[in-house]
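J.: Just so we're on the same page, our numbering is the position in the sequence shown counted from 1, plus 2. For glycine and all other residues, C-beta sits at the position ideal for the given N, C-alpha and C. A quick note: this is a predicted structure, and the numbers were derived from the prediction, not measured.
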Amino acid sequence: YQKRLEKFKTWCKEQAEVGNTYLFEGDDAINPELEYLFITQSGKPMFTRLQDFTGRWIEIRNTANLTQDLDHPIVGSIHNLRPTFAVNIFRHLLNKKDEYGNPSITPDEALDRVSALLGHEDRSTTIEYLKIAQDMPSADEIYEDVLDYIGAFDDLEGLL
(Lines of atoms letter the chains of each structure in order from A and count residues from 1; the text may use other names and numbers.)
(Lines give C-alpha, C1' and ligand atoms only; values in the text may rest on other atoms or scores of the structure.)
Protein backbone atom coordinates (compact mmCIF):
# COMPACT_ATOMS: atom_id res chain seq x y z
CA TYR A 1 0.00 0.00 0.00
CA GLN A 2 2.79 2.43 0.87
CA LYS A 3 4.36 1.93 -2.58
CA ARG A 4 1.03 2.61 -4.28
CA LEU A 5 0.45 5.64 -2.10
CA GLU A 6 3.87 6.99 -3.08
CA LYS A 7 2.98 6.40 -6.75
CA PHE A 8 -0.27 8.29 -6.17
CA LYS A 9 1.59 11.28 -4.73
CA THR A 10 4.02 11.21 -7.68
CA TRP A 11 1.16 10.89 -10.19
CA CYS A 12 -0.63 13.89 -8.64
CA LYS A 13 2.53 15.97 -8.83
CA GLU A 14 3.10 14.97 -12.47
CA GLN A 15 -0.50 15.81 -13.41
CA ALA A 16 -0.24 19.23 -11.79
CA GLU A 17 3.08 19.92 -13.53
CA VAL A 18 1.67 19.17 -17.02
CA GLY A 19 -1.34 21.38 -16.37
CA ASN A 20 -4.05 18.80 -15.72
CA THR A 21 -5.36 20.85 -12.81
CA TYR A 22 -8.97 19.97 -13.71
CA LEU A 23 -8.35 16.63 -11.99
CA PHE A 24 -8.05 18.46 -8.68
CA GLU A 25 -11.00 20.86 -9.06
CA GLY A 26 -14.68 20.42 -8.26
CA ASP A 27 -16.77 18.36 -5.88
CA ASP A 28 -15.60 14.96 -7.15
CA ALA A 29 -11.99 15.99 -7.68
CA ILE A 30 -8.96 14.00 -6.65
CA ASN A 31 -7.47 15.35 -3.44
CA PRO A 32 -3.66 14.89 -3.42
CA GLU A 33 -3.68 15.26 0.38
CA LEU A 34 -5.90 12.22 0.92
CA GLU A 35 -4.62 8.70 1.35
CA TYR A 36 -7.08 6.79 -0.80
CA LEU A 37 -7.65 3.22 0.32
CA PHE A 38 -7.97 1.73 -3.17
CA ILE A 39 -5.12 2.79 -5.47
CA THR A 40 -4.20 1.12 -8.78
CA GLN A 41 -0.71 -0.20 -9.53
CA SER A 42 -0.06 2.97 -11.53
CA GLY A 43 -0.98 5.19 -8.60
CA LYS A 44 -4.44 6.39 -9.61
CA PRO A 45 -7.28 6.17 -7.09
CA MET A 46 -9.83 3.55 -8.14
CA PHE A 47 -12.73 5.51 -6.75
CA THR A 48 -12.76 9.25 -6.22
CA ARG A 49 -16.45 9.44 -5.49
CA LEU A 50 -18.20 7.42 -2.83
CA GLN A 51 -21.11 6.92 -5.23
CA ASP A 52 -18.83 5.00 -7.65
CA PHE A 53 -17.73 2.60 -4.96
CA THR A 54 -21.16 2.21 -3.40
CA GLY A 55 -22.82 1.80 -6.79
CA ARG A 56 -20.44 -1.00 -7.76
CA TRP A 57 -21.06 -2.76 -4.44
CA ILE A 58 -24.84 -2.55 -4.94
CA GLU A 59 -24.45 -4.11 -8.42
CA ILE A 60 -22.39 -6.98 -7.00
CA ARG A 61 -24.74 -7.52 -4.05
CA ASN A 62 -27.86 -7.51 -6.25
CA THR A 63 -26.28 -9.89 -8.77
CA ALA A 64 -25.28 -12.30 -6.01
CA ASN A 65 -28.76 -12.16 -4.48
CA LEU A 66 -30.40 -12.88 -7.84
CA THR A 67 -28.05 -15.54 -9.19
CA GLN A 68 -26.89 -17.45 -6.13
CA ASP A 69 -28.95 -19.84 -4.08
CA LEU A 70 -28.39 -18.02 -0.79
CA ASP A 71 -30.08 -19.00 2.47
CA HIS A 72 -30.14 -15.32 3.43
CA PRO A 73 -29.82 -12.38 1.07
CA ILE A 74 -26.81 -10.12 1.32
CA VAL A 75 -28.02 -6.90 2.93
CA GLY A 76 -24.84 -5.24 4.17
CA SER A 77 -23.33 -2.13 2.70
CA ILE A 78 -19.79 -0.94 2.20
CA HIS A 79 -20.38 1.62 4.95
CA ASN A 80 -20.63 -1.30 7.41
CA LEU A 81 -16.88 -1.69 7.04
CA ARG A 82 -16.23 1.66 8.76
CA PRO A 83 -17.33 0.57 12.25
CA THR A 84 -15.57 -2.77 11.76
CA PHE A 85 -12.38 -0.94 10.84
CA ALA A 86 -12.79 1.44 13.79
CA VAL A 87 -13.26 -1.38 16.30
CA ASN A 88 -10.31 -3.39 14.96
CA ILE A 89 -7.92 -0.43 14.91
CA PHE A 90 -9.06 0.70 18.38
CA ARG A 91 -8.48 -2.78 19.83
CA HIS A 92 -5.12 -3.04 18.09
CA LEU A 93 -3.99 0.29 19.54
CA LEU A 94 -5.13 -0.66 23.05
CA ASN A 95 -3.31 -4.00 22.85
CA LYS A 96 0.02 -2.45 21.82
CA LYS A 97 2.62 -2.72 24.57
CA ASP A 98 5.88 -0.90 25.14
CA GLU A 99 9.17 -2.70 25.79
CA TYR A 100 8.17 -3.25 29.45
CA GLY A 101 4.80 -4.78 28.65
CA ASN A 102 2.82 -1.67 29.59
CA PRO A 103 0.14 -0.19 27.35
CA SER A 104 1.84 2.14 24.88
CA ILE A 105 -1.23 4.31 24.39
CA THR A 106 -4.10 5.51 26.56
CA PRO A 107 -7.71 4.84 25.57
CA ASP A 108 -8.18 8.58 24.94
CA GLU A 109 -5.17 8.67 22.62
CA ALA A 110 -6.45 5.58 20.79
CA LEU A 111 -9.87 7.19 20.41
CA ASP A 112 -8.28 10.35 19.01
CA ARG A 113 -6.26 8.35 16.48
CA VAL A 114 -9.27 6.34 15.32
CA SER A 115 -11.34 9.52 15.06
CA ALA A 116 -8.63 11.08 12.91
CA LEU A 117 -8.39 8.00 10.67
CA LEU A 118 -12.14 8.09 10.09
CA GLY A 119 -12.18 11.83 9.53
CA HIS A 120 -14.57 12.46 12.41
CA GLU A 121 -14.55 15.96 13.84
CA ASP A 122 -16.44 14.89 16.95
CA ARG A 123 -15.35 12.01 19.19
CA SER A 124 -18.98 11.11 19.87
CA THR A 125 -19.34 9.90 16.28
CA THR A 126 -16.40 7.54 16.75
CA ILE A 127 -17.77 6.39 20.10
CA GLU A 128 -21.00 5.38 18.34
CA TYR A 129 -18.92 3.23 15.98
CA LEU A 130 -17.04 1.67 18.89
CA LYS A 131 -20.22 0.68 20.73
CA ILE A 132 -20.25 -2.29 18.38
CA ALA A 133 -17.25 -3.62 20.32
CA GLN A 134 -19.45 -4.19 23.36
CA ASP A 135 -21.54 -6.69 21.40
CA MET A 136 -18.71 -8.20 19.36
CA PRO A 137 -16.14 -10.11 21.44
CA SER A 138 -12.57 -10.32 20.17
CA ALA A 139 -11.00 -13.65 19.23
CA ASP A 140 -8.95 -13.51 22.46
CA GLU A 141 -12.12 -13.07 24.53
CA ILE A 142 -13.82 -15.99 22.77
CA TYR A 143 -10.72 -18.15 23.29
CA GLU A 144 -10.61 -17.29 27.00
CA ASP A 145 -14.32 -18.12 27.32
CA VAL A 146 -13.73 -21.51 25.68
CA LEU A 147 -10.78 -22.25 27.97
CA ASP A 148 -12.86 -21.26 30.98
CA TYR A 149 -15.76 -23.41 29.76
CA ILE A 150 -13.59 -26.52 29.38
CA GLY A 151 -12.04 -25.96 32.81
CA ALA A 152 -8.53 -25.03 31.70
CA PHE A 153 -8.24 -22.53 34.56
CA ASP A 154 -9.63 -24.79 37.29
CA ASP A 155 -6.22 -26.07 38.43
CA LEU A 156 -4.85 -22.53 38.65
CA GLU A 157 -7.38 -21.34 41.23
CA GLY A 158 -5.50 -22.92 44.11
CA LEU A 159 -2.20 -21.46 42.95
CA LEU A 160 -3.41 -17.85 42.83
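What's the gap between the Cα of T69 and the Cα of D30?
T.: 33 Å
J.: Taking just the CA atoms, how far does Y3 sit from V116?
T.: 19 Å
J.: Classify Y131: buried if its beta carbon has 16 or more other beta carbons within 10 angstroms, exposed otherwise.
T.: Y131 comes out buried.
J.: Given that a residue counts as buried once 16 or more other Cβ atoms are within 10 Å of its Cβ, and exposed if not, what is I62?
T.: exposed
J.: Anyone know if the C-beta pair for R6 and Q43 falls short of 8 Å?
T.: Contact check for R6 against Q43 passes: the beta carbons are separated by less than 8 Å.
J.: From the DSSP secondary-structure annotation, give me the bridge partner or partners of P105.
T.: Answer is K99.
J.: Looking at the structure shown, is P47 part of a helix, part of a strand, or coil, going by DSSP?
T.: Reduced to three states, the DSSP call for P47 is strand.
J.: Rounded to whole angstroms, what is the Cα-Cα separation between S79 and K133?
T.: So the two alpha carbons sit approximately 19 Å from each other.
J.: Could you spell out where the alpha helix (DSSP H) holding Y145 opens and where it closes?
T.: 141–151
J.: What are the boundary residues of the alpha helix (DSSP H) that A154 is part of?
T.: Premise fails: A154 is in no alpha helix (DSSP H) and is neither H nor E.
J.: Quickly, what does DSSP pair I41 with across the bridge? List them, please.
T.: P47
J.: Starting from the C-beta of C14, find all residues in its chain whose C-beta is less than 6 Å away, skip the five residues before and the five after it, and write them out in chain order.
T.: If we look at C14 and ignore the five residues flanking it on each side, its Cβ neighbours are P34.
J.: Under DSSP, the alpha helix (DSSP H) around T12 begins and ends at which residues?
T.: 4–19
J.: Using the three-state DSSP reduction, which class does H74 fall into: helix, strand or coil?
T.: coil
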